[in-house]
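Everything on this sheet refers to the single structure shown next.
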Amino acid sequence: LKQAAVEPAAFRERVEHRTPPNSLDAVVAGAYAAYQEALRAAGVYDVPGLYWEADLVCRSGRPPLLDGIDVLLLDAFDDFTPSEFQLLTSLAPYLELLVFGINCDTHPDRQNVYAVPWRTSQRIREHWGADFEAFEEPPPETQAEFAARHIFWRDRPP
1 LKQAAVEPAA FRERVEHRTP PNSLDAVVAG AYAAYQEALR AAGVYDVPGL
51 YWEADLVCRS GRPPLLDGID VLLLDAFDDF TPSEFQLLTS LAPYLELLVF
101 GINCDTHPDR QNVYAVPWRT SQRIREHWGA DFEAFEEPPP ETQAEFAARH
151 IFWRDRPP
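Right under this line is the structure:
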């Protein structure tokens, strides 16, 4: 729930209107609300809560941590949780350039192996109007490079 950026009150409201209801809905909603309240009372954060707090800081103005930083490069991500994506959305106005490096294979026969990163790249393009560039790999020079690159190869070897 927390990774999906669903607040306890929103979750409770959703399950109260669920059809058919489940007898555990109220228990889960209560436990989630109690967990979140315990974190607040202790003044601590879980990992998704860190993203929520950072997002609030970014929404109130340029964070001092970004002083002197104009570019944010993110590499080797497959996907972002809603909380992470929201934080990036809140950071973007303070940056001149936001770059995502996502590992995908552009060959149509292998795109299903990279379905998650492809969806992520599409989401980034739709959200920010980002440009997409593919960087093709040079041919492997050693047998180890060949094996590492083609361990999940579906096509017949050349």
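Just so you know, we're using the numbering used here here: the sequence shown kicks off at 1 and counts up by one.
Each residue gets a CB set at the ideal place from its N, CA and C atoms; glycine is no exception.
Quantities reported herein were computed from a predicted structural model and do not represent experimental measurements.
>> Using 8 Å for Cβ pairs, my map puts S90 next to C58. What's the rounded Cβ distance?
In response: Mapped onto the sequence shown, residue 90 falls at position 90. Mapped onto the sequence shown, residue 58 falls at position 58. A Cβ-Cβ distance of about 4 Å is found for the pair S90 and C58, placing them in contact under the 8 Å criterion.
>> Just verifying my parser: in three-state terms, what is the DSSP assignment at L98?
In response: What you label residue 98 is simply residue 98 of the sequence shown in a count that begins at 1. In the structure shown, L98 sits in a strand (DSSP, three-state: E or B).
> Tell me, which residues are paired with L73 by DSSP?
Replying inline: Locating residue 73 in the sequence shown gives position 73, counting from the first residue. According to DSSP, L73 bridges with V99.
> Quick one, which of R110, A10, D131 and A76 has its alpha-carbon nearest I151's?
Replying inline: Walking along the sequence shown from the start, residue 151 turns up at place 151. I151 has its Cα closest to that of R110, out of R110, A10, D131 and A76.
> By DSSP, does P21 sit in helix, in strand, or in coil?
Replying inline: By 1-based counting over the sequence shown, the position of residue 21 is 21. P21 falls in the coil class under three-state DSSP.
> If you pair each beta-carbon of the region 96-110 with each one of the region 66-86, do three or more pairs fall below 8 Å?
Replying inline: yes
>> In whole angstroms, give me the CA-to-CA distance for I124 and A33.
In response: Indexing the sequence shown from 1 puts residue 124 at position 124. Indexing the sequence shown from 1 puts residue 33 at position 33. When rounded, the distance between both Cα atoms is 32 Å.
> How many whole angstroms separate the CB atoms of N103 and A134, which I take to be in contact at a CB cut-off of 8 Å?
Replying inline: Here the question's residue 103 lines up with position 103 in the sequence shown. Here the question's residue 134 lines up with position 134 in the sequence shown. The pair is not a contact, with the Cβ atoms about 11 Å apart (cut-off 8 Å).
> At which residues does the alpha helix (DSSP H) containing D126 begin and terminate?
Replying inline: Here residue 126 refers to the residue found at position 126 when the sequence shown is read from its first residue. At residue 126 the sequence reads Glu, which differs from the Asp that was named. Segment A115 to W128, the alpha helix (DSSP H) holding E126.
>> On the DSSP letters alone, give me the boundaries of the alpha helix (DSSP H) that G49 sits inside.
In response: Within the sequence shown, residue 49 is the residue found at index 49, counting from 1. Where G49 is concerned, the enclosing alpha helix (DSSP H) stretches over V47 to R59.
> Whose C-beta lies closer than 8 Å to the C-beta of V15 among residues of the same chain, with five residues either side of it excluded?
Replying inline: Here residue 15 corresponds to residue number 15 of the sequence shown, with the count starting at 1. Taken in chain order, the residues that qualify are P21, N22, D25, A26, V28 and A29.
> Could you check where the alpha helix (DSSP H) with T89 kicks off and where it finishes?
Replying inline: For the purposes of this step, residue 89 is taken as the residue at position 89 of the sequence shown. Taken as a continuous stretch (DSSP letters only), the alpha helix (DSSP H) holding T89 covers P82 to L91.
>> Starting from H150, trace the alpha helix (DSSP H) in both directions and tell me its first and last residue.
In response: As a working note, residue 150 is residue 150 in the sequence shown. H150 -> alpha helix (DSSP H) spans Q143 to H150.
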